[in-house]
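Here the protein sequences come in this chain order: U, Y and Z. Here the first sequence stands for residues 182 to 545, numbered as in the numbering used here. Here the second sequence stands for residues -8 to 405, numbered as in the numbering used here. Here the third sequence stands for residues 2 to 224, numbered as in the numbering used here.
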Amino acid sequence: MKKRWFLFFFRKSVAQRRGRVAIASAAVTLAVALMTAMIGVTVGIREKLGSELKAYGANIIVSPLREGDFAYDALAMIAKLPSVEDATGQVLGNTFVDQQAIEVIGIDAKKISSMGWRIFGKWPEGNDEILAGINLKAALRLQEGQRIFVEKDGTKKELVISGFVEKGGAEDRALIMTIRQAWTVTGTEGRLQSILVRGKSGQLETIGAAIRSALDNAAVKTVRQVALAEESLLGKIQLLMMLVTLVVIFASAISVTSTMGANVLERREEIGLMKALGATRRNISLFYMAEAVLIGIIGGLAGYALGFLSAQAISKGAFNSYIGIPLPIPLAALCMGVIVAIGSSYFPVRGAMKYDPAIILRGE
Amino acid sequence: MLFDIMKRSFANQKKAMALMIVSIAVGTALAASLITISFEIEGKVSKELRSFGANIIVEPKVEGLADISGQKRYLRSEDIVKTKTIFWRHNIIGVAPFLETDARLAGKANTVDARLVGSWYERELPLPGENKTFPAGIKTVSPWWSLSGSWPADAGGMVIGASLAARLGVRPGDMLTADGKEVTVTGILETGGVEDGQAFMDLEAVQKAKGLEGKVSRLYVSALTTPMDAFAYKDPATMSKAEYEKWYCTGYVTSIAKQVEEVFAGSRVKPIWQVAETEGKVLERLRILIYLLCAATLTASAIGVSTTMIMTLLRRIEEIGLMKALGAHRGKVITIFLSEGMVIGLIGGVLGYLLSIGAAEFIGAKVFHTGLEQRAILFPIALINALVIAVAGTILPIRRALSIRPSIVLKGAE
Amino acid sequence: MAFIELKGIIKEYKTTHALRGIDVTIEKGQWLNMVGPSGSGKSTLLNIIGSLDSPTAGEVLIDGRDISRLSEDDMAVFRREKIGFIFQQSHLIPYLSAVENVMLAQYFHSMSDEKEATDALVRVGLEHRLGHRPSQLSGGEQQRVCIARALINSPQILLADEPTGNLDRENTKIILELLKKIHAEEQFTIVLVTHDPFVAQWGQRILTMEDGKIKCDEFLCRL
């Protein structure tokens, strides 16, 4: 029965103070929104940046330990290993142009081995179109669309240069073509001379061990250049985000506390009166905590929704994709809001309980 | 009488004032630290991205098919220091020359015809025209090289790549013969790249041994660059004079490459696109991310500060009513509250700025292991911002309050 | 033993002495008025009796119990059971109606009861004002609500701090008549603080205070 009256007076109080409750809820909403957004972005950034860094290419190279090469289906096997994001094979050989030995690299176009390449001209489309390294352009006086003849072991083939590759590596002085084309041109049908793997940052050791045990004659090396730099960068960025999140959470907490404090502060007279009426501290704080819970529920739900949407908007803006954070049940959001509201009310209410009613009631 | 009441009301308001000051301080601190971080982060991450390796390669100009395989052309090693004379010299943070030759190496287990590469590991080069030196060598360009042991101090030592060392059957401290001469293995190199199958010595030692004094096969350059945009991708040959100047004076990887080419005789200088472009993309993404985060946080903190201000000041409307009832002049009321607002803004702004310095320092130290540069200009900006918020937050309720009739306020007041 | 016994009450603040040693006894059912200039300590003494304030030294014995040594929670319980307060500024909750304000006092005591609250307001002549908010009531009407509120839990002691301070002579009389009537019916103890000599004549005893001490203690020859 007492509960009924408690709710009665509580409702009246909140109805009267609609405006202030709304403002306090706004403060909690903002705090929760900020926390949610920051946490969302922090969680997602490793994945987002990581996929950007894919363009640096493979972080694991598998090459033959001794003389020899790999069967083509080794590729499929490796691609299925856990934490492997991508795997592609390379054919390395040579052919002859005008009796000059020229390196040939056969790749799976548009995969990790060719991300980040700068192409002058066009990617090959037809069956006999290939790319040539930029150094070959000057050396053989080639032009876009030019036909060349390659010959190896008696097999002659006519190819069209659709464009030139400038990479700054071995590719610059080689002919680049698809794996199938390379097989025909170099005579190494069905074999791969190296496999490039892109694994999840931090899992490279595990992947390496898995490959070694699954593949015969495999020398597995971490491309330190990529792997180390990646881990270092991702680690730093994530740490930065976490620290900024912490700062934001801290600031939000203080900000909400001062708002709730203001909320409580202006009710001194009411508190004084209630004490005069014989209310214990518990009686009084119950009212304020109830209000805090209400504010927390409103603020928590609204804040979570706002924060979630903001995180997605930020992710879309910066990375052009959405964060895959699982949407937790509204209960979690509610809890966050209530915890924020109650937590930030704790000290102000505790302080308010110390108000000397004698002074208040005399005042003015 | 009026001032007595004022004084007593100020004393009562101590808590309220404190709350407002704290709120403004925190809001200012958050905004200022975020702005500081966002200014600095691009530079820091740019530097961090350089550990992905060289983004520019300097090669001898290719003139005939024979250059591809067989006859070799070289660059002049004396041109290396000239990279530090170009317009964008301050962006060049590392150079590493490579001289590729062949040698027959005989170790315990095997004899191998391997690549012998001359380079620098850690070197201080004289800055042309100045009394200072600048760091150069593999360490400045390829920080991921893992060297167990040490780089040879003279021509009697050699570093062997890990897989080559395995084939030769040598470890650090062992002896082997290179082209008949005895050398000590001073270190084993592991990179995960082609270097693992090669042998390394100091550039000068290899030049001397192979009769290639003053020659270098190629040079890798690590430069801080501005991310490429649509404009930068234009072929410089098609640019107007004004466009060309703009391109040349912006630190794109292409313009820096061009400038290096200008000082290196007989060279063709290219960006290593895989590195350069990815770098640009990562920076671009981060920049957008930080801007968005800043915008979101600044908005939120501004609103957050406002809520506290509104809350605290709503109750003072009654106070204003009382003052008016006691005959206080409208102008006087405004003055009193305005000066109060300014004091709050001042204290809150200074406090907030100091806090932001602390926060930015802390974050900079933890993440990048260096301090973040504090832009002095941020102080007046933070202060003005705090003052504006404080004063605005004080004035708006006042104007409302001054229009309320005192009688309503005083009767049955809470 | 007297109902209320104050022994050697001293109240010190950082810079002033509000009470410098008060010894007084008050019988059950007595109506005592405290008068004196501003700053004489009369309100402080009132608050101490009502356990809203604690003395720096001395004993406050009410019905044999020293309430000055109670814990804060125990004081609250004591207050709600034994004391009713009336203030100069009515301190009515502005968003509650007259009857709701009275029910609030009931709530902290035991349980709100609308019928009882209504009856209390009728008793003070406000049967047509039950649903009004304080802002809709005149000063005199507000104080009548306060009386109803103060007495709803049948306290043994009614403490009034300048209850008519904001009222005109007409309303002052109404309030005092009301108090007199109910006092005669219920026989609770009244301690009333006032600076108005007219008000001081109502009741049975006048305690004059000055500078934190009792200057004069006179009984009025009255029933």
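Each residue gets a CB set at the ideal place from its N, CA and C atoms; glycine is no exception. Everything numeric in this text was worked out from a predicted model, so none of it was measured.
(Q) Considering only their Cβ atoms, is the gap separating U/Ile286 from U/Ile342 smaller than 8 Å? (A) Indexing the first sequence from 1 puts residue 342 of chain U at position 161. Indexing the first sequence from 1 puts residue 286 of chain U at position 105. The Cβ atoms of U/Ile342 and U/Ile286 lie no closer than 8 Å to each other.
Q. Which whole-angstrom value describes the C-beta separation of Y/Leu66 and Y/Leu167, a residue pair presumed to lie in contact below a C-beta threshold of 8 Å?
A. Here residue 66 of chain Y corresponds to residue number 75 of the second sequence, with the count starting at 1. Here residue 167 of chain Y corresponds to residue number 176 of the second sequence, with the count starting at 1. Contact doesn't hold; Cβ gap of about 29 Å is too wide.
Q) With 16 other CB atoms within 10 Å as the buried threshold, where does Z/His92 fall? A) The residue you call residue 92 of chain Z lines up with position 91 of the third sequence. With 16 or more other Cβ atoms within 10 Å, it is buried.
Q) Can you list, in chain order, the residues of its chain whose CB lies under 6 Å from that of Y/Ala156, leaving out five sequence neighbours each side? A) As a first step, residue 156 of chain Y is located in the second sequence; it is residue number 165 there, counting from the start. Once the five neighbours on either side are set aside, the close Cβ partners of Y/Ala156 are Ile179.
Q: Can you pull the chain U residues whose beta carbon is under 7 Å from the beta carbon of Y/Phe255, in chain order?
A: Here the question's residue 255 of chain Y lines up with position 264 in the second sequence. Simply none; closest approach about 15 Å.
Q) How many angstroms separate the CA atom of Z/Gln144 from the CA atom of Z/Ser39? A) Within the third sequence, the letter at position 143 stands for residue 144 of chain Z. Within the third sequence, the letter at position 38 stands for residue 39 of chain Z. So the alpha carbons of these two residues sit roughly 22 Å apart.
Q: With DSSP as the reference, please indicate the residues paired to Y/Asn376 in a beta bridge.
A: Along the second sequence, read from residue 1 onward, the residue named residue 376 of chain Y stands at position 385. DSSP lists no partner for Y/Asn376.
**Q.** Bounding residues of the alpha helix (DSSP H) (the contiguous stretch that carries Z/Asn48)
**A.** The sequence position of residue 48 of chain Z within the third sequence is 47, counting from 1. For Z/Asn48, the enclosing alpha helix (DSSP H) stretches over residues 43 to 50.
**Q.** Chain-ordered residues of the region 283 to 305 of chain Y with a beta carbon less than 8 Å from chain U
**A.** Correct list: Leu283, Leu284, Ala287, Thr288, Ala291, Ser292, Ile294, Gly295, Val296, Thr298, Thr299, Ile301, Met302, Thr303, Leu305.
(Q) Do Y/Ser347 and Y/Thr27 have their beta-carbon atoms positioned less than 8 Å apart in this structure? (A) As a working mapping, residue 27 of chain Y is identified with position 36 in the second sequence. As a working mapping, residue 347 of chain Y is identified with position 356 in the second sequence. Closer than 8 Å, so yes.
**Q.** Identity of the residue in Z/Leu46, Z/Arg21, Z/Ile153 nearest Z/Leu33 by Cα
**A.** Sequence index remark: in the third sequence, residue 33 of chain Z carries index 32 (1-based). With distances taken between Cα atoms, Z/Leu33 lies closest to Z/Leu46.
**Q.** Distance CB(U/Gly139)-CB(Y/Ile129) smaller than 8 Å
**A.** Since the first and last residues shown for chain U are 182 and 545, residue 139 of chain U lies out of range.
Q) Is U/Leu396 closer than 8 Å to U/Val603 when the C-beta atoms are compared? A) With chain U running from 182 to 545 in the structure shown, residue 603 of chain U is simply not present.
Q) Measuring CB to CB, does Y/Tyr344 end up less than 8 Å from Y/Phe370? A) Here residue 344 of chain Y refers to the residue found at position 353 when the second sequence is read from its first residue. Here residue 370 of chain Y refers to the residue found at position 379 when the second sequence is read from its first residue. Closer than 8 Å, so yes.
Q) Of the residues that make up the region 448 to 465 of chain U, which ones have a beta carbon closer than 8 Å to any beta carbon in chain Z? A) Those would be Glu450, Glu451, Gly453, Leu454, Met455, Lys456, Ala457, Leu458, Gly459, Ala460, Thr461, Arg462, Arg463, Asn464, in chain order.
Q. Considering only the beta carbon of each residue, do Z/Glu73 and Z/Lys8 sit closer than 8 Å?
A. Within the third sequence, residue 73 of chain Z is the residue found at index 72, counting from 1. Within the third sequence, residue 8 of chain Z is the residue found at index 7, counting from 1. A distance of 8 Å or more separates the beta carbons of Z/Glu73 and Z/Lys8.
Q: Below 8 Å between beta carbons is the criterion; list the residues of the region 90 to 124 of chain Z that meet it against any residue of chain U, in chain order.
A: Answer in chain order: Gln90, His92, Ile94, Pro95, Tyr96, Leu97, Glu101, Met104, Leu105, Ala106, Tyr108, Phe109, His110, Met112, Ser113.
Q: Measure the alpha-carbon distance for U/Thr369 versus U/Ile504 and round it to whole angstroms.
A: Translated into the one-based positions of the first sequence, residue 369 of chain U becomes position 188. Translated into the one-based positions of the first sequence, residue 504 of chain U becomes position 323. Near 44 Å, if we compare the C-alpha coordinates of U/Ile504 and U/Thr369.
**Q.** Rounded separation between Z/Gly65 and Z/Glu187 - CA only
**A.** For this step, residue 65 of chain Z is matched to residue 64 along the third sequence. For this step, residue 187 of chain Z is matched to residue 186 along the third sequence. C-alpha separation (whole angstroms): 21 Å.
Q: Would you list, in chain order, the members of the region 316 to 334 of chain U that have their beta-carbon closer than 8 Å to a beta-carbon of chain Y?
A: Listed by position along the chain: Asn316, Leu317, Ala319, Ala320, Leu321.
Q: Give a yes or no on whether 8 Å exceeds the smallest Cβ distance from U/Lys497 to chain Z.
A: Sequence index remark: in the first sequence, residue 497 of chain U carries index 316 (1-based). U/Lys497 is outside the set of residues whose beta carbon lies under 8 Å from a beta carbon in chain Z.
Q. If U/Val378 and Y/Gly183 are in contact, beta carbons under 8 Å, what's the gap, nearest whole angstrom?
A. Residue mapping note: residue 378 of chain U aligns to position 197 of the first sequence, counting from 1. Residue mapping note: residue 183 of chain Y aligns to position 192 of the second sequence, counting from 1. With 8 Å as the limit, U/Val378 and Y/Gly183 do not qualify as a contact, their Cβ atoms being about 12 Å apart.
Q) Is the Cβ of U/Leu415 closer than 8 Å to any Cβ of chain Y? A) On the first sequence, residue 415 of chain U is found 234 positions in, with the first residue counted as 1. Answer no: the Cβ-Cβ gap between U/Leu415 and chain Y never drops below 8 Å.
Q) Would you call Z/Met35 buried or exposed, if buried means 16 or more other Cβ atoms sit within 10 Å of its Cβ? A) The count along the third sequence starts at 1 and reaches residue 35 of chain Z at position 34. Z/Met35 is buried by the Cβ-count criterion.
Q: Kindly list the residues whose CB is nearer than 8 Å to the CB of Y/Val273, restricted to its own chain and excluding five residues on each side of it in sequence; keep chain order.
A: Within the second sequence, the letter at position 282 stands for residue 273 of chain Y. Result list for Y/Val273: Val36, Leu40, in chain order.
Q: Indicate the three-state DSSP secondary structure (helix, strand or coil) for Z/Glu211 in the structure shown.
A: Counting from 1 along the third sequence, the entry for residue 211 of chain Z is found at position 210. In the three-state scheme derived from DSSP, where H, G and I count as helix and E and B as strand, Z/Glu211 is classed as strand.
Q) In chain Z, what lies closer than 8 Å to U/Lys184 by C-beta? A) To locate residue 184 of chain U, count along the first sequence from 1; it is residue 3. Those do not exist, as U/Lys184 stays about 11 Å from chain Z at its closest Cβ, beyond 8 Å.
Q: Give the DSSP-derived three-state secondary structure of U/Lys348 in the structure shown.
A: The residue you call residue 348 of chain U lines up with position 167 of the first sequence. Of the three classes helix, strand and coil, the one that applies to U/Lys348 here is coil, per DSSP.
Q) Start and end of the alpha helix (DSSP H) containing Z/Trp32? A) Walking along the third sequence from the start, residue 32 of chain Z turns up at place 31. Premise fails: Z/Trp32 lies in the beta strand (DSSP E), 32 to 36, not in any alpha helix (DSSP H).
Q. Within 8 Å (strictly less), CB to CB, does Z/Ala77 reach chain U?
A. In the third sequence, counting from the first residue as 1, residue 77 of chain Z sits at position 76. It does; some Cβ of chain U falls within 8 Å.
Q. For Y/Lys63, which three-state DSSP category applies?
A. Looking up residue 63 of chain Y in the second sequence gives position 72. Under the three-state reduction of DSSP, Y/Lys63 is assigned to coil, being neither helix nor strand.
(Q) Would you say Z/His18 lies against chain U (beta-carbon separation less than 8 Å)? (A) For the purposes of this step, residue 18 of chain Z is identified with residue 17 of the third sequence, where counting begins at 1. No, because no Cβ of chain U sits closer than 8 Å to the Cβ of Z/His18.
Q) When the Cβ atoms of the region 316 to 328 of chain U are set against those of the region 380 to 392 of chain U, are three or more pairs found closer than 8 Å? A) Between the region 316 to 328 of chain U and the region 380 to 392 of chain U, the count of C-beta pairs closer than 8 Å stays below three; the two stretches do not touch.
Q.
Check for me: the beta strand (DSSP E) holding Z/Arg21 runs from which residue to which?
A. For the purposes of this step, residue 21 of chain Z is taken as residue 20 along the third sequence, with counting starting at 1. From DSSP, the beta strand (DSSP E) with Z/Arg21 extends over 18 to 27.
Q: May I have the straight-line CA-CA distance separating U/Leu542 from U/Leu421, to the nearest angstrom?
A: To locate residue 542 of chain U, count along the first sequence from 1; it is residue 361. To locate residue 421 of chain U, count along the first sequence from 1; it is residue 240. A direct Cα-Cα distance of roughly 51 Å separates U/Leu542 from U/Leu421.
(Q) Please report the straight-line C-alpha distance between Y/Met(-8) and Y/Ile12, rounded to a whole angstrom. (A) Along the second sequence, read from residue 1 onward, the residue named residue -8 of chain Y stands at position 1. Along the second sequence, read from residue 1 onward, the residue named residue 12 of chain Y stands at position 21. Per-residue confidence for Y/Met(-8) stands at a pLDDT of 49, beneath the threshold of 50, marking its modelled position as unreliable; the derived number appears in the next sentence. Each residue's alpha carbon lies about 28 Å from the other.
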